[in-house]
Structure formats: C-alpha cells, structure tokens
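Below is one structure, written out as structure tokens; comments come after it.
Okay, structure coming up:
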C-alpha cells in the first residue's frame, strides 16, 4: 500500500473539493434514513387502523400522505446530494488522472535514450493508459464508496442500536461474514487482474510492433505466422479473462445468499421479540428489513473497494518504477547561454549500458565554430555515437566533450539542444501535415520560411506534386513519403531551426549522388557560419570539409583534410578512388 502514498500530494492539491464531497456524502446518507423510518411509521399507522386504535379514516390517510411526502422529499434531496457527491469525487479523480498522465509523460520525456532501449513501447503505453485508469478507480470510485460506506455505517447502525440493540446484533451477524468473503474473493480477483494486465501489456506491445513493422511483415510474407502469434496471445488473454470472470461470478450470488440470511434473521428474531412484547412496534421490523438491504451494498463494497485499492497499488507500483528513475543525462546548469559552435573531444570513451559494447575508444578531435567536420567509417564504427554525444543524448563513459571550450554537461541542456539541429539516420516523421513536420524544428516559422527550408533540402518540388502540397497529412512514421523524401523533410526540419550546430547522420543515404551533392552545396551556403558535423559513406560529398575523421572499431584510423588524407595513401584515398570509379562506371 505504500506505493499509493505517491498520490497524497494530489489529495492535498484538491483537498477543498474532497472535503466538500465528504460533507455532501454525510448529508446524503442522513436523508436516506428518512425512507425506512417513515415506512415503519406508516406500517404502524396501518396496523393501528386495523386494530381499531385509530377510528378516523381521514386522519389516518392524512398521516400516510404526510409520510409519503416526507419519503419523496427526502429521497429527492438524497438523490440531488448524491449527484453532487459523484460530481465532486469523480471530477476530482479525473483531474488527478489528468495530472498523473501529464506527470508520467513529462517523465518519459526527461528519461534518457538508454531507458527506451530497455523498455518496450507497448508496455510504456499500457502504463500511461491502463495503469493510470486503475489508479483513477482508487482516487475516484474507491474513495467515494469508502466515504459512503463509512458514513452510512455510522448513521444507520447508530440509529438501529438506539431503536433495538438486540435485534441489531442478530441482524449484523452475517454482514462481517459477507465482508470477509468478499475480501477473499477480491484478493483472488486482484491476483488474476494483475495477470490479465500483464497479458494485455504483452498483447499491446505485439500489436504495436506489428503495425510499425507491417511493411517488413508483408515483404517477407509472414502474415500467417504473425496472425498465428497474435491468435495465441489473444487466446491467452481470453483464457486469463475467463479465469478472472469465474472468480467474479461468485460475487453477487454470495452477496444475495447472505442478504437473504440477514432478512430471515430480522423476520424471525424480530417477529419473535414482537410476539413476546420486547419490541413494541411492528414498524421497527419493517425498518430493519430496509436497513439490512441498505447496508448490504456498503458491506459488500468493502471487499470491492479493497480489490480496487489493491489493483491500484499494483498499477501505481508499475508507474512508480518509472517515476522514481532519474535520467542518466542530467541538467547541471541553471544559466542559459548562447552557443557559438566550437566542439572538442578529449580522450572520449563510450560504452553502451544496455549492450556493454564500447562504441568509442579514446577519441580526440577539435572543430572550430563555423567549420565542417566529416566522419567516415564502416557500419558500427561509432559514427552515430559521436553525434549523440555532441547533442548530449548520452554522456561519455570517460573523457570530456567540450562545447565552446566548456564541458558539455556544464552547459544548460536546453541551450545546447536548442542550438543543435539533428537529422538522424532513421528519419522519423509524425502523422501530421508536411508543413507541421517541418515546423517541428521551429513552431513559429512562417509559410515562406517553410518553403525556403524545403527548397534548400531539395524536397520542395516533390511536395508540390502532392494534391494538398504542404498540407498533405503523412501516414504513421511518414510512410506516405519515400525514404529519400523523408530524409529531406527531416533536413528541412533541421534547417528551419537555424541552429549553431547541425548534425547530419548519414541522412542522405536514400537519395542519389547528384541529389546529395546538390543538397550539400546548398547546406554549405546556409551553414557558412554554422558548425556542421556530417556522417556519410560518400567521399565526394564531404571532401570539402575542414576536417575529416576515419573511424574503425571505435578508434580514429585517419584524420585531416582532403588533401592531407590523399597524401597518406591510406583508407581514405583507397575509398575515394573506389567510389570515383564506381561513379564513372
């Protein structure tokens, strides 16, 4: 239950609404007492008439009408108060749900990349949706019914004891048994609900991955196998839900049985004591029958509430696992500053935490503001890792990354990232319009600036061929566009940001050589006063860079400018002539 302590701050935030809800609940429960009490009185009036104790029919009818009026009025007031009670508690629960979802999402945004490498997207989605919904049941219905149960018990049992204490004792005997039985059922329900939640998380993850990789599934003709796997997961989900329902099916029959026992006790014990003269009013027995039925749901709800609290605690524990995590990349500065664009690596070594692979080994280089650094190397040589360290998506395992001569971790994280335009190798576009995807780099950009950025990325003509042009809404992950078009829209998104540092991670691998060279010519024009770091496999595109690094197995094999590297007769020169001959052929 300690996991739910995390929610106390929300209860404090909405304390006045909750206090109001408690007051309204007490009022609503008090007015519910009027119905059984005046029905009991009406029963006594009818008995008095049949026994001849009342001889004036008009007076008897008048009293009955008065009692009916009180019952209707009290029921109406109780209903109105119950409405406002639900509005108070349930609205507060929705507000807490809103706050908690935003808090979880903000935490997801704060956490570093290695967090997402360790956790599956479907599971993360399940925690912010299904788990938060379970928690809402605790801060809403469970709290509301808990207050209702407590106030009703206090009010009703106090009145019952004052009216007929011995009959009250016999009447309440089955109710604790009902409560314990419901609690036992609730524990079993909670256990099976946890299993259902886990299976649902697996099903969500599988579905999300299948939809994201649908093109791969289709190209390999794996639809039958994937459908079979989905069917197996669905079957497991169905079976676990049936197991849960089997336990839940005992709930209402058990409640009906013990209610019936309580009613029989009231009739027999109450009737016996009335016959013996120990209870003077027949209406008391009628009242007690109504009280028993009035208390039945609150008693049963004790177990139900307990079950909700247990499920909420299990869900909040899953949520806390993420909320308690601190991002590995921390912001150590409170002062925002202007970035000029100088970059230096001093003996940098980096090992990925999730795979324990050392991607960079003792790397050192320096790039002055406004210069261009090109990085070449085979797949897996550490090229992308350098870009990720510059943008502080990771921190180095050892050594230092310097920005403008200062350690990168001493610069305000927002200042660094706002001054950096990053085009990843795997271009990611959102399911929005093309113009919104480009404006993602700078939300306040004008339409003219968007078009200019698209022209500089050599994608404007392609966009104009679409029926809705820049207003074309893309499919998930930009599936509407070709690979080359996605890459160029991503470049436009980085350009429009007008950053001091631009990072291009082999972002033109899906375009032809001529288009790549055209884009790089334009990038050189607009990046004249910017620091550019370009990862590429094509020497022809980066030969004009101020500094070129050749990586192999995380180490610098060669470095220098184009002329220097051509004189070394090493890997760079060999790669240059190899690609030149391929181009001529």
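Numbering (our numbering), first residue to last: 25 to 609. Think of the CB as a built atom: it goes at the ideal place given N, C-alpha and C, for glycine as much as any other residue. What you are looking at is a predicted structure, and each value in this text was computed from that prediction instead of being measured.
- Setting aside the 5 residues that flank it on each side, residue 316 is surrounded in the same chain by 195, 283, 286, 287 and 290, each with a C-beta closer than 8 Å to its C-beta; the list follows chain order.
- Using a C-beta cut-off of 8 Å, the region 292-307 makes no contact with the region 163-182, since fewer than three inter-stretch Cβ pairs fall below that distance.
- Note on geometry: alpha-carbon atoms of residue 371 and residue 37 lie some 49 Å from one another.
- Membership of residue 566 in the alpha helix (DSSP H) is indicated by the continuous run 563-566.
- Residue 449 places its beta carbon 8 Å or farther from that of residue 483.
- Residue environment analysis places residue 356 among the exposed positions, since fewer than 16 neighbouring C-beta atoms fall within 10 angstroms of its C-beta.
- In the DSSP assignment, residue 92 falls within the alpha helix (DSSP H) that extends over 81-134.
- Judged by beta-carbon spacing, residue 184 lies beyond the 8 Å limit of residue 62, meaning their Cβ atoms are not closer than that value.
- Taking the Cα positions, residue 96 is about 40 Å away from residue 123.
- Taking 8 Å as the cut-off, the beta carbon of residue 407 is found no closer than this to the beta carbon of residue 414.
- Three or more beta-carbon pairs drawn from the region 41-50 and the region 168-180 are found closer than 8 Å, and the two stretches are therefore classed as touching.
- Secondary structure note for residue 162: it is in no beta strand (DSSP E), with a DSSP letter that is neither H nor E.
- Beta-bridge pairing by DSSP links residue 571 to 397.
- With contacts defined as CB atoms closer than 8 Å, residue 458 and residue 409 fail to qualify as a contacting pair.
- Runs of the alpha helix (DSSP H) lying entirely within the region 247-294, each at least 4 residues long, are 247-272 in chain order.
- In the three-state reduction of the DSSP assignment, residue 380 falls in the coil class, being assigned neither a helical nor a strand state.
- Residue range 471-480 is occupied by the alpha helix (DSSP H) that includes residue 478, with no beta strand (DSSP E) assigned at that position.
- Here residue 125 has 152 and 156 as same chain residues with Cβ atoms under 7 Å from its own Cβ, once five neighbours each way along the sequence are excluded.
- In terms of CA proximity to residue 325, 275 leads the group 299, 275 and 339.
- Here residue 373 is not near residue 404, since their CB atoms are 8 Å or more apart.
- Per the C-alpha coordinates, the member of 377, 191 and 250 positioned closest to residue 294 is 191.
- By the C-beta density criterion, residue 555 is buried, having at least 16 other C-beta atoms within 10 angstroms.
- In the structure shown, the three-state DSSP call for residue 195 is helix.
- Short of 6 Å from the beta carbon of residue 469, and not among the five residues preceding or following it, lie these beta carbons of its own chain, in chain order: 463 and 520.
- A distance below 6 Å between beta-carbons, with the five flanking residues on each side excluded, links residue 360 to the following residues of its chain, in chain order: 436 and 439.
- Secondary structure of residue 375 (DSSP, three-state): strand.
- Secondary structure note for residue 27: it is in no alpha helix (DSSP H), with a DSSP letter that is neither H nor E.
- The shortest C-alpha to C-alpha distance from residue 238 to any of 226, 251 and 227 is the one to 251.
- The three-state reading of DSSP puts residue 581 in strand, counting E and B together.
- The Cβ-Cβ distance between residue 55 and residue 101 falls below 8 Å.
- Between residue 419 and residue 134, the alpha-carbon positions lie close to 15 Å from each other.
- The beta carbon of residue 88 sits closer than 7 Å to those of 66 and 69, all from its chain and outside the five residues before and after it, given in chain order.
- In the displayed model, residue 387 falls within a strand according to three-state DSSP.
- Excluding residues up to 5 positions away in sequence, 394 lie with their Cβ nearer than 7 Å to the Cβ of residue 553 in the same chain.
- Linking residue 571 to residue 390 through their CA atoms gives a straight-line distance of about 9 Å.
- A Cβ-Cβ separation of about 5 Å places residue 159 in contact with residue 340 under the 8 Å criterion.
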